[in-house]
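Undergrad: Quick note: the sequence shown uses the working numbering, first residue 7, plus one each step.
We put the CB at the ideal spot given by N, CA and C, even for glycine.
Since we're looking at a predicted model, the values are computed, not measured.
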Amino acid sequence: MAEEVAAPDRQLVRSLEVQVAGDVLPAEPLSDHTTIKVGGPAAAFVRAETVADLVGVAEVCAALDRPFLILGRGSNLVVADRGWPGVAVTLGRGFRGVEVDGTTVVAGGAERMPVLAARLARAGLGGLAFGVAIPGSLGGAVRMNAGAHGGEMADVLAWADVVRLSSGGGVQRLPAAELGLRYRQTDLPGDAVVIRAGLVLTPTDAETLREEMAEMKQWRRRSQPVNTPSCGSVFANPEGDSAGRLIEASGMKGYRCGGARVSPVHANFITVEPGATAADVHAVLTTVRSTVAEQQGVDLRTEVVLIGFEGPATAGGRGEER
Ligand code: FAD
């Protein structure tokens, strides 16, 4: 049985090594690539450095009929313990870089949001300060329409350059207006890797931005479990209410399964201890959701992306559940 499983993986890794110049790692634990630090291995992990690498991943996945999973900084993902049966692809340093021209900024999809936010603030450009507290990549932030402290990507995004992993081809520029950006959701196609984004910012006093960002970071330290592994907010806030309030009102703050629990600091966070499994996290999440539905009559929408769990909403090349 072990032989049967190993053989196609070797074929997958060999094919990727031929097509991709960036790193190709077999059986890479995805727990090392997510902020919540749980989850099994991907059959292959690719750190793409060029558009050609992404096209290579697309070709190999199509030829060997393997699913792909696009990973940013893994700050909004929970991967099942059984892992991912295909290729997890992330953007390497080749997709970093920031060009500023007046108030227009073009940045690589692998740029880290806090680093980008700080850099633009120093340049006296406002609008992305909220990014200082979002531990994701620019590509992941575009996909999720990430936001905080009254701002969101939709406010500053002009366009995104993407490479489609299902349909192949080169780079396509998608205007923000066509991306359906709304509260923590977009209509960005599931196979689209955001490799670069164009932002339009507002001239703002650099010192004011520095102070705002310091205040945002302080607020996080006071009100969120920032020093314990988590995946950020688990559920989206329902219209006019807060998921954290509903969870707390349902008596679930501190609720625990194995090594995972609802954070006593902020009820919309699930935190883990060493040795926790993805199944523990999933059990906390599903119990919280059903308890809130029973007690408050509200069906919370999962904001975090669940990868590889059994579920009705598993779909496409990514196999995500929301
Ligand atoms: P990942 O978690 O790796 O992936 C998330 C989704 O984006 C997946 O569907 C993935 O396939 C897709 N994706 C990733 N990279 C790309 C790409 N290049 N192209 C296309 N799709 C891609 N979020 C907020 O909005 N506001 C907050 O205030 C906030 N606070 C957080 C605090 C903590 C402590 C943590 C751990 C998380 C927080 N988050 C918050 C969640 C998370 O940081 C954001 O959703 C972030 O935008 C995810 O980016 P990522 O690169 O980590 O994406």
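Should Ser37 go down as buried or exposed, given a rule of 16 or more other Cβ atoms within 10 Å for buried?
TA: To locate residue 37, count along the sequence shown from 1; it is residue 31. By the 10 Å Cβ count, Ser37 comes out buried.
Undergrad: Would you check whether the ligand FAD has a heavy atom nearer than 7 Å to the C-beta of Leu36?
TA: As a working mapping, residue 36 is identified with position 30 in the sequence shown. Checking every heavy atom of the ligand FAD against the Cβ of Leu36, none is found closer than 7 Å.
Undergrad: Taking 7 Å as the cut-off, is the beta-carbon of Ser236 closer than that to any non-hydrogen atom of the ligand FAD?
TA: The residue you call residue 236 lines up with position 230 of the sequence shown. Result yes, Cβ under 7 Å from the ligand FAD.
Undergrad: Do the CB positions of Arg125 and Val148 come within less than 8 Å of each other?
TA: Locating residue 125 in the sequence shown gives position 119, counting from the first residue. Locating residue 148 in the sequence shown gives position 142, counting from the first residue. In this structure, Val148 does not lie closer than 8 Å to Arg125 by Cβ.
Undergrad: Who are the Cβ neighbours of Thr96 in its own chain at under 6 Å, not counting the five residues just before and after it?
TA: Locating residue 96 in the sequence shown gives position 90, counting from the first residue. So the qualifying residues of the chain are Arg53 and Leu77.
Undergrad: Cα separation between Leu75 and Val93?
TA: Here residue 75 is taken as the residue at index 69 of the sequence shown, counted from 1. Here residue 93 is taken as the residue at index 87 of the sequence shown, counted from 1. For Leu75 and Val93, the distance between alpha carbons rounds to 6 Å.
Undergrad: Let's see if you can read the secondary structure: which residues bound the alpha helix (DSSP H) around Val287?
TA: The residue labelled residue 287 in the question sits at position 281 within the sequence shown. First-last of the alpha helix (DSSP H) with Val287: Ala284 to Gln302.
Undergrad: Say yes only if the C-beta of Arg190 is nearer than 7 Å to one or more non-hydrogen atoms of the ligand FAD, and no if none qualify.
TA: Counting from 1 along the sequence shown, the entry for residue 190 is found at position 184. Yes - the ligand FAD has a heavy atom lying nearer than 7 Å to the Cβ of Arg190.
Undergrad: Can you tell me which of the three DSSP states Asp107 falls into?
TA: As a working note, residue 107 is residue 101 in the sequence shown. Strand, per DSSP.
Undergrad: Mind checking which residues open and close the beta strand (DSSP E) that includes Leu75?
TA: Your numbering for residue 75 matches position 69 in the sequence shown. First-last of the beta strand (DSSP E) with Leu75: Phe74 to Leu77.
Undergrad: How far does the alpha helix (DSSP H) with Gln224 in it reach, from first residue to last?
TA: Translated into positions along the sequence shown, residue 224 becomes position 218. Note, Gln224: alpha helix (DSSP H), Ala212 to Ser229.
Undergrad: Looking at the structure shown, is Ile313 part of a helix, part of a strand, or coil, going by DSSP?
TA: Here residue 313 refers to the residue found at position 307 when the sequence shown is read from its first residue. Of the three classes helix, strand and coil, the one that applies to Ile313 here is strand, per DSSP.
Undergrad: Bridge partners of Asp355, per DSSP?
TA: Because the chain is modelled from 7 through 328, residue 355 falls outside the range shown and cannot be assessed.
Undergrad: Quick check on Ala86: buried or exposed, where buried means 16 or more other Cβ atoms within 10 Å of its Cβ?
TA: Indexing the sequence shown from 1 puts residue 86 at position 80. It counts as buried.
Undergrad: Would you call Gly186 buried or exposed, if buried means 16 or more other Cβ atoms sit within 10 Å of its Cβ?
TA: Indexing the sequence shown from 1 puts residue 186 at position 180. When all chains shown are included, Gly186 counts as exposed.
Undergrad: Do you know whose CA, among Gly108, Val138 and Ala27, lies nearest Gly204's CA?
TA: Against the sequence shown, residue 204 aligns to sequence position 198. That would be Gly108, whose Cα lies nearest to the Cα of Gly204.
Undergrad: If I measure Cβ to Cβ from Cys67 and keep anything under 8 Å in the same chain, skipping five residues before and after, which residues do I get?
TA: The residue labelled residue 67 in the question sits at position 61 within the sequence shown. Pro73, Phe74, Gly92, Val93, Leu171 and Gly323.
Undergrad: In chain order, what residues of the same chain lie with their CB nearer than 6 Å to the CB of Ser239, ignoring the 5 residues before and after it?
TA: Position 233 of the sequence shown, counting from 1, holds the residue named residue 239. Excluding sequence neighbours, Ser239 sits near Asn274 and Glu309.
Undergrad: Using only the alpha-carbon positions, how far apart do Thr214 and Arg227 sit?
TA: Residue numbering aside, residue 214 sits at position 208 when the sequence shown is read from its first letter. Residue numbering aside, residue 227 sits at position 221 when the sequence shown is read from its first letter. Whole-angstrom Cα-Cα distance: 20 Å.
Undergrad: By the DSSP assignment, the beta strand (DSSP E) with Glu65 in it spans what residues?
TA: What you label residue 65 is simply residue 59 of the sequence shown in a count that begins at 1. Not the beta strand (DSSP E): Glu65 falls in the alpha helix (DSSP H), residues Val57 to Leu70.
Undergrad: Where does Ile253 fall in DSSP's three states?
TA: Mapped onto the sequence shown, residue 253 falls at position 247. Helix at Ile253.
Undergrad: Just curious, the alpha helix (DSSP H) that Gly281 is in, first and last residue?
TA: Your numbering for residue 281 matches position 275 in the sequence shown. Careful: Gly281 lies outside any alpha helix (DSSP H) and carries neither H nor E.
Undergrad: Can you tell me whether Asp193 is buried or exposed, with buried defined as 16 or more other CB within 10 angstroms of its CB?
TA: Start at 1 with the first residue of the sequence shown, and residue 193 comes out as number 187. The residue is exposed, with fewer than 16 neighbouring Cβ atoms inside 10 Å.
Undergrad: Buried or exposed for Arg202, going by 16 or more other Cβ atoms inside 10 Å?
TA: Counting from one through the sequence shown, the residue named residue 202 turns up at place 196. Buried.
Undergrad: Alpha carbon to alpha carbon, how far is Ala152 from Ile140?
TA: Counted from its first residue, the sequence shown places residue 152 at position 146. Counted from its first residue, the sequence shown places residue 140 at position 134. Going by the C-alpha atoms only, they are around 8 Å apart.
Undergrad: Taking 7 Å as the cut-off, is the beta-carbon of Gly114 closer than that to any non-hydrogen atom of the ligand FAD?
TA: Mapped onto the sequence shown, residue 114 falls at position 108. It does not: the Cβ of Gly114 is nowhere closer than 7 Å to a heavy atom of the ligand FAD.
Undergrad: Exposed or buried, what is Glu117 when buried is set at 16 or more other beta-carbons lying within 10 Å of its beta-carbon?
TA: As a working note, residue 117 is residue 111 in the sequence shown. Answer is buried; the Cβ neighbour count reaches 16.
Undergrad: Using the three-state DSSP reduction, which class does Arg53 fall into: helix, strand or coil?
TA: Here residue 53 refers to the residue found at position 47 of the sequence shown. Of the three classes helix, strand and coil, the one that applies to Arg53 here is strand, per DSSP.
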